[in-house]
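One structure is given below, encoded as structure tokens.
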Ligand SMILES: NC(=O)c1ccc[n+]([C@@H]2O[C@H](COP(=O)([O-])OP(=O)(O)OC[C@H]3O[C@@H](n4cnc5c(N)ncnc54)[C@H](O)[C@@H]3O)[C@@H](O)[C@H]2O)c1
């Protein structure tokens, strides 16, 4: 099948591209390389363009004529979204709407969308189910919710079919294909702690150790990037088999605290590194854990690398082999 992958030069997109190629699909990546890496895409066709240009994405769709699209491209830094809300509120939805228009004009109506648990804001109950209210607390979450709302309306009117996957914390590396996480700036906990173990950062930082959790630090749900990409394959099959357009959580169902992640990095690396406790960051809920029961039932998805040691171990292998990321 011809599959367009937007944001395919990024962390998750590049792992997805490898998986699709290994399953025999024809893949074209569309990425502006603003945060992605050409080196993460050996031998994969790449159109360099920006989704906010309708002309760029229309040209790509008209020449490739995709049968399906996996849409990863977005700005996705929560802190940056708070500092520059207009960038997020404008560019994430505009880019997505341009993409949808270009896809539809080329006859493609099958879309898997990368959404986020940030659409829930501070949940009323944990584990979070898909019927939790959606009241995001930052512009990033709002920008994804705007796209989700557009998708609902378009699917209702048979313009397209979609699965919107609300990821919790993607983590780990595709060790076999030598693909891992290289964000700049890096805001995710596991790579930041690993950088402390590698001596690239002076210390690991815990933001708040007075939360109402078992060890006082925040608890998050980490999902291995390979399990996450497997769910995309199943999501696409769901649409192609005539399944309903739907929102699904992608998480592990297990929460791990910041201190547990730090301990896992110590075990994987064998390095003891300094840890500093700082004050809480605004807007960090104490616990964010998914219920992925619906995803398991609807897609038949079974994550494999669910233990924090497996997730951290794969990340450690990649970062220790690539202390400076892709180096491009
Ligand atoms: N990493 C996570 O834990 C996580 C969690 C929830 C949701 N998500 C979502 O998953 C997706 C992928 O995340 P990631 O961590 O791989 O991000 P990433 O930044 O590594 O990858 C995003 C890619 O999209 C490209 N891009 C961004 N804006 C673009 C535009 N306007 N036009 C063309 N290309 C553009 C970037 O160059 C980059 O290669 C994002 O949509 C993100 O919001 C990620």
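Numbering (this note's numbering), first residue to last: 22 to 349. We treat Cβ as the ideally placed atom computed from N, Cα and C, and that holds for glycine.
Give me, in chain order, the residues of the same chain whose beta-carbon lies closer than 7 Å to that of residue i; leave out the 5 immediate sequence neighbours on both sides.
i           : result
residue 142 : 156, 157, 158, 162
residue 346 : 203
residue 339 : 194, 196, 201
residue 118 : 171
residue 230 : 237, 238, 298
residue 281 : 329
residue 77  : 70, 71
residue 112 : 73, 96
Keeping to the same chain, check which residues put their C-beta closer than 6 Å to that of residue i; ignore five residues upstream and five downstream.
i           : result
residue 257 : 89, 133
residue 49  : 25, 66, 85
residue 292 : 218
residue 153 : 141, 144
residue 102 : 109, 159, 160, 161
residue 46  : 22, 24
Could you tell me which of the options sits nearest to residue i, measuring between CA atoms?
i           : options            : result
residue 43  : 65, 54, 56         : 65
residue 139 : 326, 126, 164      : 164
residue 203 : 48, 23, 27, 57     : 57
residue 124 : 274, 83, 272       : 83
residue 222 : 234, 296, 178      : 296
residue 319 : 68, 93, 151, 131   : 151
residue 198 : 246, 211, 175, 231 : 246
residue 160 : 96, 333, 330       : 96
residue 261 : 54, 184, 30, 321   : 184
residue 80  : 179, 62, 120, 102  : 120
residue 215 : 29, 178, 288       : 288
residue 74  : 114, 303, 59       : 114
residue 251 : 91, 127, 72        : 91
residue 225 : 209, 188, 182      : 209
residue 264 : 255, 302, 61       : 255
residue 131 : 305, 253, 301      : 253
residue 242 : 302, 147, 59       : 147
residue 307 : 41, 233, 47, 180   : 233
residue 189 : 303, 45, 273, 349  : 273
residue 137 : 169, 111, 314, 46  : 169
residue 128 : 302, 271, 182      : 182
residue 313 : 332, 248, 303      : 248
Taking 6 Å as the line, does the beta carbon of residue i fall inside it for any heavy atom of ligand 1?
i           : result
residue 71  : yes
residue 305 : no
residue 137 : yes
residue 119 : no
residue 236 : no
residue 33  : yes
residue 55  : yes
residue 190 : yes
residue 93  : yes
residue 97  : yes
residue 201 : no
residue 349 : no
residue 252 : no
residue 52  : yes
residue 311 : no
residue 128 : no
residue 116 : yes
residue 45  : no
residue 171 : no
residue 28  : yes
Just grab the DSSP bridge partners of residue i for me.
i           : result
residue 276 : 242
residue 149 : 311
residue 184 : 133, 267
residue 47  : 23
residue 227 : 298
residue 293 : In DSSP, residue 293 forms no bridge with anything.
residue 91  : 26, 133
residue 195 : 200
residue 69  : 52
residue 190 : 243
Between which residues of its own chain and residue i is the CB-CB distance below 8 Å, once the five residues before and five after are set aside?
i           : result
residue 206 : 98
residue 173 : 266
residue 337 : 215, 218, 286, 289, 290
residue 93  : 26, 27, 28, 29, 31, 33, 34, 37, 135
residue 62  : 29, 30, 35, 38, 50
residue 305 : 228, 229, 239
residue 362 : With the chain covering only 22 through 349, there is no way to say anything about residue 362.
residue 300 : 228, 229
residue 60  : 347, 348, 349
Please look up how many angstroms separate the CB atoms of residue i and residue j, rounded, as I've assumed it's under 8 Å.
i           : j           : result
residue 316 : residue 275 : Their Cβ separation, rounded to whole angstroms, is 14 Å, which puts residue 316 and residue 275 out of contact at 8 Å.
residue 53  : residue 38  : About 16 Å separates the two Cβ atoms, so there is no contact after all.
residue 244 : residue 278 : Not really, about 16 Å apart at Cβ, beyond 8 Å.
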